[in-house]
Structure formats: C-alpha cells, structure tokens
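S.K.: Okay, here's the structure, questions in a sec.
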Amino acid sequence: MLHAFLALALTASTASAAPAEQPVARGPAREKKPLLAAGLNWFVPGAGYMYNGRKPALVTVPMMAGAAGLTYIENFHQFDGGTLREIDSTAFAVTFGSVLVLNTGLAIDAYREAKNINEGRNRKASLSPTTFADADGTRYGAELRFAW
C-alpha cells in the first residue's frame with residue numbers, strides 16, 4: 011500500500027513539474043588543504059575523505075561509525091571488572107596499536123588525495139571480474155586497471 015502511494019505521489023509530482031532547468035556551471039573547485047584532510051582522517055577516520063569529497067558517504071560514514079565504536083569499546087565500555095584497559099592491558103595495547111597504525115595510514119592517504127586534487131590528477135585503480143575465453147573453455151579472472 012505504501013509503495014503504491016509513493017509511486018502515485020512520485021508520478022503526480024513528476025507529471026506536473028516544469029521542464030528541468032539546465033545545471034548551473036560551478037566555479038573552479040576549491041583548493042584542498044592536505045594537512046587538514048590528514049588531521050581529520052587521523053582523528054576521525056573518514057572525515058578527511060569527506061572533506062576531500064572524492065569518496066562517497068557509503069565509504070566515509072561507516073569508517074566514522076567504526077572509529078566511534080572502537081573508541082567506545084576501548085575506553086568506556088564496562089566489562090565485568092572494568093574497562094578493557096583495566097581488565098586486559100595486552101588486548102588494549104593491541105587494539106590501540108592497530109588503531110594508531112590504521113589512522114596513520116588513512117591520514118597519509120587523505121593527504122595524498124588532497125594533493126592530487128589540487129594538482130588536478132585523477133588517479134584511480136579498479137579491480138573488476140573478467141571472463142576470458144580460450145580453446146579449452148571459459149576461464150574467469152580479474153582485471154586490474156590503473157589511471158595515472
């Protein structure tokens with residue numbers, strides 16, 4: 011019932027809408043600050059990517075939620091007997107070290123991404139499944155593409 015109502019409302023709104031206007035040309039892209047992007051990504055993973063504007067929210071928002079969850083578990087969640095730091099210092103050290111290394115790598119990546127945006131480069135790498143046909147039959151593989 012709800013789907014039918016939404017489809018009817020969408021059809022009614024598009025049928026009566028005026029012709030679409032031409033998109034307004036935007037000015038040149040704003041210069042990105044690599045150190046700001048790196049700092050944002052180091053403190054809140056995903057925030058530097060969001061600042062740069064290259065990665066979609068489907069990538070950045072889960073990173074930010076994961077960082078908040080790890081911080082909560084690492085420092086604030088009360089297990090039987092206290093926080094993770096109080097109960098198992100080894101597990102805390104491993105978690106802390108892992109987060110430190112990950113955040114540093116993400117900060118470096120956001121810094122490089124901002125520099126590439128400023129230099130006008132559009133570097134991308136993609137991996138896609140591919141089907142190859144040969145004399146024996148069909149084989150499946152992957153194709154790796156780089157754009158530099």
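Those letters in the sequence shown? Residues 11 to 158, per the numbering used here, in order. Ideal placement from N, C-alpha and C gives every residue a C-beta, glycine not left out.
Give the secondary structure of Arg-122 by DSSP, where H, G and I count as helix, E and B as strand, and everything else as coil.
M.R.: The residue labelled residue 122 in the question sits at position 112 within the sequence shown. Helix, per DSSP.
S.K.: Ile-83: buried (16+ other C-beta within 10 angstroms of its C-beta) or exposed?
M.R.: Here residue 83 corresponds to residue number 73 of the sequence shown, with the count starting at 1. Its Cβ having fewer than 16 others within 10 Å, Ile-83 is exposed.
S.K.: Is Glu-41 helix, strand or coil when you go by DSSP?
M.R.: By 1-based counting over the sequence shown, the position of residue 41 is 31. Note: Glu-41 maps to coil in three-state DSSP.
S.K.: Taking the alpha-carbon positions, what's the Ser-138 to Ile-118 distance?
M.R.: Stepping through the sequence shown from its first residue, residue 138 is reached at position 128. Stepping through the sequence shown from its first residue, residue 118 is reached at position 108. Distance between the alpha carbons of Ser-138 and Ile-118: 26 angstroms.
S.K.: Among Leu-80, Asp-90, Leu-94 and Ile-97, which one has its Cα closest to the Cα of Ser-108?
M.R.: Locating residue 108 in the sequence shown gives position 98, where the first residue counts as 1. Checked all of Leu-80, Asp-90, Leu-94 and Ile-97; the closest Cα to Ser-108 is Leu-80.
S.K.: Over what stretch of residues does the alpha helix (DSSP H) that includes Pro-72 continue unbroken?
M.R.: Position 62 of the sequence shown, counted from the first residue, corresponds to residue 72. That run of the alpha helix (DSSP H) goes 67-85.
S.K.: With contact counted as at least three CB pairs below 8 angstroms, one residue from each stretch, are the region 93-103 and the region 67-75 in contact?
M.R.: no
S.K.: How about the region 142-154 and the region 61-68: do they share at least three Cβ pairs that are nearer than 8 angstroms?
M.R.: no
S.K.: Answer yes or no: does any C-beta atom of chain E fall closer than 7 angstroms to that of Met-74?
M.R.: The question asks about chain E, but that chain is absent: this structure has only one protein chain.
S.K.: Does DSSP put Thr-141 in a helix, in a strand, or in coil?
M.R.: Translated into positions along the sequence shown, residue 141 becomes position 131. Residue state, collapsed to three classes: strand.
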